[in-house]
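Report on the structure given below.
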Ligand code: 6LW
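Residue numbers (the numbering used here): 319 to 772.
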C-alpha cells in the first residue's frame with residue numbers, strides 16, 4: 319500500500335498542524351465540542367505518533383458548556399519559536415472574540431490561558447515570525463475583504479500592532495482557508511486549502527517577497543487534491559509543511575476513507591495523512607513516499623475501576639461533568655467490549671457520531687437493550703434479560719453485507735447474544751453533516767477493550 323492510503327494518525331484527527339523542535343515533531347488536530355480539546359502528538363519519524371496530552375485541559379481555556387456538535391475548537395496551528403511552543407485556534411461559538419493564542423514550555427502541557435486578538439473575526443489562524451522577531455497572525459477572514467487576512471501582533475498579549483489586511487483571495491475556488499505562512503530561504507510561501515473540506519478539497523500555494531505578499535500563485539495549483547479520482551482517500555486538503563531534521567520536506571494533510579454505495583460514506587472522521595514534498599522551480603511538489611505507512615494494531619484496554627489518565631479519553635460537551643467517556647475509533651473494522659455490573663443506574667456502551675446519531679447498548683438491573691438514535695428518531699431495537707453478575711457488552715463494525723449497502727454493519731450483542739445489526743451509514747458524516755467522526759463511549763463500566771481489525 320502506498321504511504322498515502324494509510325493515515326499516520328487514523329480516526330477523527332482533522333486539520334493537522336505540525337512543527338519540529340530539534341529531532342522531535344509535534345502535531346495537533348481540531349477537536350470541536352469535545353473536552354479536553356486539541357490532542358497533541360509526538361513523533362521522531364513523522365510516521366509513528368503517540369498522543370502526549372491535550373492543549374485545552376482547563377475550562378478557563380475552553381469551556382465546553384453548551385457547545386453544539388461540530389462547533390467549539392476549529393483548526394489550530396502549532397509552532398515552535400524561540401524556545402516556546404505556540405498554538406493559535408478559534409473557539410467558533412466565541413468567534414466575535416477573535417483568534418486566540420496559548421503557549422507552553424512543554425508541549426505536553428500545561429498550556430497558558432488564552433489571549434484573544436480582537437477584531438480578527440474568522441477561522442484557521444496561523445502564526446509566523448520574521449527574522450526580526452515580528453509575529454504575523456494570518457487567518458481566513460469572515461469580514462471584508464475576506465479571503466486570507468493578516469495582522470502583526472504581540473502573541474503574549476494578543477495586541478494588534480498594525481492594521482488587518484487581506485493578503486490573498488486564493489485561486490478562485492470556494493472557501494479559501496487554512497492558511498500557513500512560511501519563510502523558506504528568503505521567500506514567503508502562503509499555503510491554503512480551497513474547494514471546501516468535502517470531495518472538492520485541495521491545497522494551493524503562493525509565494526511573495528514579504529509576509530504580506532504580494533503573492534503570486536503556483537502555476538501548478540492545486541499542489542494536492544484527490545478530487546474526481548477513484549483514490550480510496552478522498553477530500554484531501556488542509557495541509558501543513560515541516561522540514562525534517564535531515565532537510566527533507568513533508569506535508570501532513572487531512573483525508574477521509576469513504577466506503578459503501580454512492581455517494582460513499584466516511585465514518586471515522588477526517589484523518590491525518592503524510593506525504594513527501596520535493597521542489598521544482600522554487601515550488602513544492604507533493605509526492606507519494608516509496609516506504610508505505612504500515613497498518614498499526616491500535617488495540618488497547620482500559621481498567622475503569624482505577625483512575626484513567628490516558629489523554630485519549632474525551633467527553634462531548636452535551637455530557638460535560640458526567641462519567642461519559644469517549645475515545646476516537648481508529649480503524650475501519652474493529653470490535654469494542656465493555657464489562658459492566660448492571661445496577662439501577664444504567665451502564666452504557668455507545669457508538670456515537672454526534673448527540674443525535676448513535677447506537678447504544680444500555681444495561682440496567684433487569685435488561686440489556688440495543689437503542690438506535692438516528693436524527694429525530696430513537697428506538698429500542700432489541701432487548702434481552704440481564705443475567706446476574708457481570709455482563710459483556712459488545713459493539714463491532716463488520717464488513718457491509720453487499721456492495722450496495724452502507725460503509726459497514728454495526729453489530730450489537732450482549733454476553734454473546736446478538737441483539738441487532740444496523741447499517742453503519744447513519745453514523746457517517748455524509749448523513750449527519752459536521753466535522754467530526756465516530757467515537758466509542760462508556761458510562762459505568764468496569765473494563766473496556768478495543769480491538770483493531772483492519
Ligand atoms: C476548518 C477548515 C476545514 O476550520 O474544516 O478542512 C474546518 N478544513 O479549514 C473545520 O475543521
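Glycine included, every Cβ here is placed at the ideal spot set by N, Cα and C.
List the DSSP bridge partners of residue 652. 715 and 770
How about residue 556: is its Cβ closer than 7 Å to a heavy atom in the ligand 6LW? yes
Could you tell me if the beta carbon of residue 635 falls within a distance shorter than 7 Å of some heavy atom in the ligand 6LW? no
Which of helix, strand or coil does DSSP assign to residue 391? strand
Run of the alpha helix (DSSP H) containing residue 750, from where it starts to where it stops: 747 to 750
Report all residues from its chain with a CB closer than 7 Å to the CB of residue 705; omit the five preceding and five following residues, and keep chain order. 733
Are three or more beta carbon pairs between the stretch 610 to 628 and the stretch 578 to 590 nearer than 8 Å? no
Between the alpha carbons of residue 763 and residue 507, how many angstroms are there, rounded? 50 Å
Identity of the residues DSSP links to residue 501 by a beta bridge: 506
Residue range of the unbroken beta strand (DSSP E) whose run includes residue 361: 355 to 361
Hey, could you find the ends of the beta strand (DSSP E) residue 377 is sitting in? It is not in any beta strand (DSSP E) - residue 377 carries neither H nor E in the DSSP assignment.
Quick check: residue 675 and residue 750, are their CB atoms within less than 8 Å of each other? yes
At which residue ranges does the stretch 423 to 472 contain complete beta strand (DSSP E) runs of 3 or more residues, listed in the order of the chain? 433 to 435, 440 to 447, 453 to 459 and 466 to 472
What do you reckon, is the C-beta of residue 753 under 7 Å from a heavy atom of the ligand 6LW? yes
Decide if residue 416 is buried, meaning its Cβ has at least 16 other Cβ atoms within 10 Å, or exposed. buried
When DSSP labels each residue in this structure, what does residue 577 get in the three-state scheme? Looking at residue 577 - three-state DSSP - the assignment turns out to be strand.
Identify whether residue 492 lies in helix, strand or coil by the three-state DSSP scheme. coil
Since residue 330 is in the beta strand (DSSP E), which residue starts that stretch and which ends it? Looking at the DSSP string, residue 330 is not in any beta strand (DSSP E), and its letter there is neither H nor E.
What residues match up with residue 728 in a beta bridge as DSSP calls it? According to the DSSP secondary-structure assignment, residue 728 is paired through a beta bridge with 715 and 740.
What is the rounded straight-line gap between the Cα of residue 494 and the Cα of residue 393? 14 Å
What separation, rounded to the nearest whole angstrom, lies between the Cα atoms of residue 511 and residue 570? 13 Å
Completely contained alpha helix (DSSP H) runs for the stretch 551 to 635, where each covers 4 or more residues: Runs of alpha helix (DSSP H) with 4 or more residues, each lying fully within the stretch 551 to 635, are absent.
With DSSP run on the structure shown, which of helix, strand or coil describes residue 686? strand
Taking the C-alpha atoms as reference points, what is the distance between residue 607 and residue 515? 24 Å
Use the C-beta contact count for residue 319: other C-beta atoms within 10 angstroms, 16 or more gives buried, fewer gives exposed. The predicted model places residue 319 with a pLDDT of 34, which falls under 50 and marks its position as unreliable, so this point remains unresolved.
For residue 760 and residue 374, the rounded distance between their alpha carbons: 22 Å
Of the choices 443, 412, 377 and 344, whose alpha-carbon is the least far from that of residue 426? 344
Would you report the Cα separation of residue 321 and residue 663, rounded to the nearest angstrom? At residue 321 the pLDDT is 45, less than 50, meaning the model places this residue with poor confidence; the figure from the coordinates comes in the next sentence. Approximately 46 Å, taken between the alpha carbons.
Just checking, does the stretch 598 to 613 make contact with the stretch 334 to 349 on the three C-beta pairs under 8 Å criterion? no
Go through its chain and collect everything with a Cβ distance to residue 651's Cβ below 6 Å, but skip five positions before and after it. 715, 771 and 772
Let me make sure I understand the geometry here. Which of 559, 448 and 632 has the alpha-carbon closest to that of residue 641? 632
Could you give the distance in angstroms between the alpha-carbon of residue 333 and the alpha-carbon of residue 702? 42 Å
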